[in-house]
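K.L.:
The structure under discussion is supplied below as structure tokens; questions concerning it will follow.
There are 2 protein chains.
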Amino acid sequence: MATISDVARAAGVSPATVSRVLNGGRVTPERARRVREAAAALGFSPNRVARSLRTRRSSAIALLVPDIANPFFTALARGVEDTAQRTGLSVVLCNTDEDVAKERRYLQVAVAEHMAGVLVAAASRTRTDLTEPAARGIPVVAVDRRPRTAEVDAVTVDNRHGAQEATAHLVARGYRRIACLTGPAGVSTAEDRLAGHRAALLEAGVREEHVRTYTRRAVPRVEGGYAAMRELLALDEPPDAVFAAHNLMTVGALRALREAGAEPPGCGVLSFGDIPFASLVHPSLSTVRLPAYELGEAAAALLQERIAGSDMPLRTLVLRTTLEPRDSTAGPG
Amino acid sequence: MATISDVARAAGVSPATVSRVLNGGRVTPERARRVREAAAALGFSPNRVARSLRTRRSSAIALLVPDIANPFFTALARGVEDTAQRTGLSVVLCNTDEDVAKERRYLQVAVAEHMAGVLVAAASRTRTDLTEPAARGIPVVAVDRRPRTAEVDAVTVDNRHGAQEATAHLVARGYRRIACLTGPAGVSTAEDRLAGHRAALLEAGVREEHVRTYTRRAVPRVEGGYAAMRELLALDEPPDAVFAAHNLMTVGALRALREAGAEPPGCGVLSFGDIPFASLVHPSLSTVRLPAYELGEAAAALLQERIAGSDMPLRTLVLRTTLEPRDSTAGPG
DNA sequence: CACGCCTGTGAAACCCTTTTCAGGGCAACT
DNA sequence: AGTTGCCCTGAAAAGGGTTTCACAGGCGTG
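The listed protein sequences derive, respectively, from chains A and B. The first sequence begins at 1 in our numbering and counts up by one. The second sequence begins at 1001 in our numbering and counts up by one.
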């Protein structure tokens, strides 16, 4: 592996000059040409580790997601990756498994590796601690979920609005006992979606108590949705529609409904977030589409600005969701 | 950020001694204790960039996959990540998009970053070039797909056997005109699966020509499967079953079948590789289950051995698939 | 002509850790 | 007592870039 000194020797200049040619310093054209030729001839590419050490900044960013198996986060990761790749940043993918301890370990690594920046879909709104990297001067952007503990840039979706629109749609289609399956307390997306759902129902004249009866919190996994849906179906007056505030929970809910013989659209089902290949599900599934890829793109772009040294005031970018009504919410009976 | 010198000063020793305490050199217990206390008090964690520079080895490995949106590769990535994480390795995820040029760029980055190792699901059997990292002493393990150009360790699944079993199953269930949708020539998995399919048919007494009539190659995406299936359905004697050698292509095929009103199991459908939430598809989908997570685990473990300096002869680990017959291959008529 | 300023350049410092090397101290042996 | 050998330790080198600093030379100005 050729080093910068090899190139310098071959071009008859000092290593400092080579560095300047490569990084845009002022060098006379003639020398610059010689350096470039020598570099090409030797197949030189700078050792990024050495560069990182000296500049105290690496060309890698960390992306922390709670569940890489969820297609929402893979789409987001693609958005991040495509954007980062364009400016030569590598993306280190870290799967936190919704585990705050695991998340903390990854954040420590990011600090020890002097990573250029961190993108994080926080495992917990209250317990995720982003102060460490922020204090060390590593830019942090929260994506999808915003933790409360640190002041960072954020890119989120309008969960509340999307949920409100979703539940309003169920109301409009004539459903009366509309349930909500949402994630655990303390996760901002779960809270916001529940809030939107409640707002839509209250506006439609539903009593607060009624809302509460038909709301279930569960772990945001397929099994969580399944268990919660079964609970709801066991009520004296089971719901006639369900707003599932999480895509994987929707899958569990659908399974429970099928087992109980209460298939949509008789019992309406509306999913917040796409299910992959939802087009295969029968009847076709109404969803609130989330701009996952765009979320990743926007967050990566924002992070890059910070890495480049932007000192704009903190920003929160909120992307809109879009309701896509299909057959699973065609109406009861 | 505390450095090793700070710790040394605080403990009244030299930096060399601190390094030895942390990395398992011989140090008297008393000193070691002092060093550990000082390190803890200062919250010291070694700068991994400096360490990388000196040791010429980083603690990151690259994982190159052709399509992170495919659940097969996300499961694989999880296996890799969980295993790597256990020994303190970070995983840099690189999405090559089935593009050899993009793949080459990522390999260059891996070399320039002095990464500890590379795991690669090659974009092409013939054009993927793994000689560069191998020549630089960076261990490489091929996973899922093995390129021909370099001599590397590999972890694959028994595609041929799995495919043969799958098609034999279709034969046994009474299907007569069994089609095969597979990936492009030059991708080892596509080739092997087709070979298994053909072997099963020939064994059942089907003529080679007949096999060829009902075989289609397409890009391994949903649209590829859709287009190829439509072609097959337009034949004078359309197939009465299809073995889809790729999970995403299966989705496309199902869509085409539904449009044509030829739903399974009347027309049998067997997918090589899971479709996420296949349990939601009606009728339930017969699949050849791939051990994606285990593939990632095994590959990461193998790579770690090499990184640790193992000089065993090259190994190829082949994992078995399992046929899971369900309703979509219940039989014709 | 003298002075100051500006530009381009190379030497050397620097980033932080690991590793080599040489030496001191001590025990065991001749 | 004098070697020999071993263990532990610290000083210093090494890893490969970037950046600071000082300096040389050219140019413009008073």
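Backbone N, C-alpha and C fix where the C-beta goes; we use that ideal spot for every residue, glycine too. Predicted, not measured: the structure shown is a model, and the values here were computed from it.
(1) Tell me which residues of the region 1247-1281 of chain B have at least one Cβ-Cβ distance to chain A shorter than 8 Å, keeping chain order.
(2) Do you know how far the Cα of Asp1067/B is from the Cα of Ser1271/B?
(3) Give the secondary structure of Ser1090/B by DSSP, where H, G and I count as helix, E and B as strand, and everything else as coil.
(4) Have a look at Ser1328/B, Ala1154/B, Glu1208/B and Leu1235/B and flag the residue whose alpha-carbon is nearest the alpha-carbon of Leu1319/B.
(5) CB Cys1094/B to CB Ala1135/B, shorter than 7 Å?
(6) Name the two residues that bound the continuous beta strand (DSSP E) containing Glu324/A.
(7) Closer than 7 Å, CB to CB, is Asn1095/B near chain A or not?
(8) Which word fits Ala234/A, buried or exposed, when buried means at least 16 other C-beta atoms lie within 10 angstroms of its C-beta?
(9) Could you check whether Ser328/A and Val242/A sit closer than 7 Å to each other, using their CB atoms as the reference points?
(10) Since Thr1287/B sits in a beta bridge, which residues does DSSP pair it with?
(11) Go ahead and label Glu1081/B buried or exposed: buried means 16 or more other beta carbons lie within 10 angstroms of its beta carbon, across all protein chains shown.
(12) For Ala217/A, list the residues DSSP reports as bridge partners.
(13) Could you compute how far the alpha carbon of Thr182/A sits from the alpha carbon of Leu1064/B?
(14) Could you name the residues of the same chain whose beta carbon sits closer than 7 Å to that of His1114/B, not counting the 5 residues immediately before and after it, in chain order?
(15) How would you write the range of the beta strand (DSSP E) that Asp153/A sits in, first residue to last?
(16) Between the beta-carbon of Ala1011/B and the beta-carbon of Val1035/B, is there less than 7 Å?
(17) Can you give me the C-alpha to C-alpha distance between Thr250/A and Ala244/A, rounded to a whole angstrom?
(18) Count the other CB atoms, across all protein chains shown, that sit within 10 Å of the CB of Glu103/A; report buried if there are 16 or more and exposed otherwise.
(19) Taking all protein chains shown into account, decide if Asp1236/B is buried (16 or more other Cβ within 10 angstroms of its Cβ) or exposed.
(20) Does the region 158-165 of chain A come close enough to the region 210-219 of chain A to have 3 or more Cβ pairs within less than 8 Å?
(21) 7 Å is my cut-off, CB to CB: does Ala1050/B come that close to chain A?
(22) Show which residues of chain B have a CB atom less than 7 Å away from the CB atom of Ile68/A.
(23) Got a sec: is the Cβ-Cβ distance from His114/A to anything in chain B below 7 Å?
(24) Can you list, in chain order, the residues of its chain whose CB lies under 8 Å from that of Glu128/A, leaving out five sequence neighbours each side?
(25) Assuming the contact rule is C-beta atoms closer than 8 Å, Ile178/A and Leu201/A should be a hit. Round their C-beta distance to whole Å, please.
(26) Using the beta-carbon of each residue, which ones in chain B are nearer than 9 Å to Ser58/A?
(27) For Ser1090/B, count the other beta carbons within 10 Å of its own beta carbon; 16 or more makes it buried, fewer makes it exposed. Which is it?
(28) Distance, Cα to Cα, Glu294/A vs Arg221/A?
(29) How is Leu1302/B classed by DSSP in three states: helix, strand or coil?
(30) 7 Å is my cut-off, CB to CB: does Val92/A come that close to chain B?
(31) Within the continuous alpha helix (DSSP H) that includes Thr951/B, where are the two ends?
(32) Could you confirm whether any beta carbon from chain A is found closer than 7 Å to the beta carbon of Ser1124/B?
P.N.:
Quick look at the numbers:
(1) Taking 8 Å as the Cβ-Cβ cut-off against chain A, the residues of the region 1247-1281 of chain B that qualify are Val1251, Leu1254, Arg1255, Ile1275, Pro1276, Phe1277, Ser1279, Leu1280 and Val1281.
(2) Along the second sequence, one-based indexing puts residue 1271/B at 271. Along the second sequence, one-based indexing puts residue 1067/B at 67. If I take the Cα positions, the gap works out to 18 Å.
(3) In the second sequence, the residue the question calls residue 1090/B occupies position 90. Ser1090/B: strand per DSSP, three-state reduction.
(4) To locate residue 1319/B, count along the second sequence from 1; it is residue 319. Ranked by how close their Cα comes to the Cα of Leu1319/B, the residues Ser1328/B, Ala1154/B, Glu1208/B and Leu1235/B have Ala1154/B in first place.
(5) As a position in the second sequence, residue 1094/B is number 94, starting the count at 1. As a position in the second sequence, residue 1135/B is number 135, starting the count at 1. No, the Cβ-Cβ distance between Cys1094/B and Ala1135/B is not below 7 Å.
(6) Indexing the first sequence from 1 puts residue 324/A at position 324. Glu324/A -> beta strand (DSSP E) spans Thr322 to Glu324.
(7) Looking up residue 1095/B in the second sequence gives position 95. At least one chain A Cβ lies under 7 Å of Asn1095/B.
(8) Looking up residue 234/A in the first sequence gives position 234. By the 10 Å Cβ count, Ala234/A comes out exposed.
(9) Residue 242/A sits at position 242 when you count from the first residue of the first sequence. Residue 328/A sits at position 328 when you count from the first residue of the first sequence. With contacts defined by Cβ atoms closer than 7 Å, Val242/A and Ser328/A do not form a contacting pair.
(10) In the second sequence, the residue the question calls residue 1287/B occupies position 287. Answer by DSSP bridge pairing, in chain order: Ser1271/B and Glu1324/B.
(11) The residue labelled residue 1081/B in the question sits at position 81 within the second sequence. Buried, because 16 or more other Cβ atoms sit within 10 Å of the Cβ of Glu1081/B.
(12) Counting from 1 along the first sequence, the entry for residue 217/A is found at position 217. The amino acid at residue 217/A is misidentified as Ala; the sequence shows Arg. Residue pairing by DSSP puts Arg217/A in a beta bridge opposite Thr182/A.
(13) Translated into positions along the first sequence, residue 182/A becomes position 182. Translated into positions along the second sequence, residue 1064/B becomes position 64. Distance between the alpha carbons of Thr182/A and Leu1064/B is about 35 Å.
(14) Counting from 1 along the second sequence, the entry for residue 1114/B is found at position 114. So the list reads Ser1052, Arg1056, Arg1057 and Ser1058, once near-sequence residues are dropped.
(15) Residue mapping note: residue 153/A aligns to position 153 of the first sequence, counting from 1. According to the DSSP assignment, Asp153/A belongs to the beta strand (DSSP E) that extends over Asp153 to Val157.
(16) As a first step, residue 1011/B is located in the second sequence; it is residue number 11 there, counting from the start. As a first step, residue 1035/B is located in the second sequence; it is residue number 35 there, counting from the start. The criterion of a C-beta distance shorter than 7 Å is satisfied by Ala1011/B and Val1035/B.
(17) Residue numbering aside, residue 250/A sits at position 250 when the first sequence is read from its first letter. Residue numbering aside, residue 244/A sits at position 244 when the first sequence is read from its first letter. Thr250/A and Ala244/A: Cα-Cα distance of roughly 5 Å.
(18) Here residue 103/A corresponds to residue number 103 of the first sequence, with the count starting at 1. Around the beta-carbon of Glu103/A, 16 or more other beta-carbon atoms lie within 10 Å, marking it buried.
(19) Counting from 1 along the second sequence, the entry for residue 1236/B is found at position 236. So Asp1236/B counts as exposed.
(20) In the pairwise beta carbon analysis, the region 158-165 of chain A is classified as not touching the region 210-219 of chain A: fewer than three pairs are separated by under 8 Å.
(21) Counting from 1 along the second sequence, the entry for residue 1050/B is found at position 50. Among the residues facing chain A, Ala1050/B is included, as its CB has a counterpart in that chain under 7 Å away.
(22) Taking the first residue of the first sequence as position 1, residue 68/A is located at position 68. Chain B residues near Ile68/A: Thr1074, Ala1077 and Arg1078.
(23) The sequence position of residue 114/A within the first sequence is 114, counting from 1. Residue contact with chain B for His114/A: present (Cβ-Cβ distance below 7 Å to some residue of chain B).
(24) Along the first sequence, read from residue 1 onward, the residue named residue 128/A stands at position 128. According to the sequence shown, residue 128/A is Thr rather than Glu. Cβ neighbours of Thr128/A beyond the five flanking positions: Val100, Glu103, Val120, Ala122, Pro147 and Thr149.
(25) Looking up residue 178/A in the first sequence gives position 178. Looking up residue 201/A in the first sequence gives position 201. Going by Cβ atoms, the distance from Ile178/A to Leu201/A rounds to 7 Å, so yes, they are a contact pair.
(26) As a working note, residue 58/A is residue 58 in the first sequence. Within chain B, the residues near Ser58/A are Val1049 and Glu1113.
(27) Sequence index remark: in the second sequence, residue 1090/B carries index 90 (1-based). With 16 or more other Cβ atoms within 10 Å, it is buried.
(28) Stepping through the first sequence from its first residue, residue 294/A is reached at position 294. Stepping through the first sequence from its first residue, residue 221/A is reached at position 221. Between the alpha carbons of Glu294/A and Arg221/A lies a gap of roughly 24 Å.
(29) Residue mapping note: residue 1302/B aligns to position 302 of the second sequence, counting from 1. Under the three-state reduction of DSSP output, Leu1302/B falls in the helix class.
(30) Stepping through the first sequence from its first residue, residue 92/A is reached at position 92. Taking 7 Å as the threshold, the shortest C-beta distance from Val92/A to chain B falls below it.
(31) Since the first residue of chain B shown is 1001 and the last is 1333, residue 951/B is not available in this structure.
(32) Counting from one through the second sequence, the residue named residue 1124/B turns up at place 124. It does not: the Cβ of Ser1124/B has no partner Cβ on chain A nearer than 7 Å.
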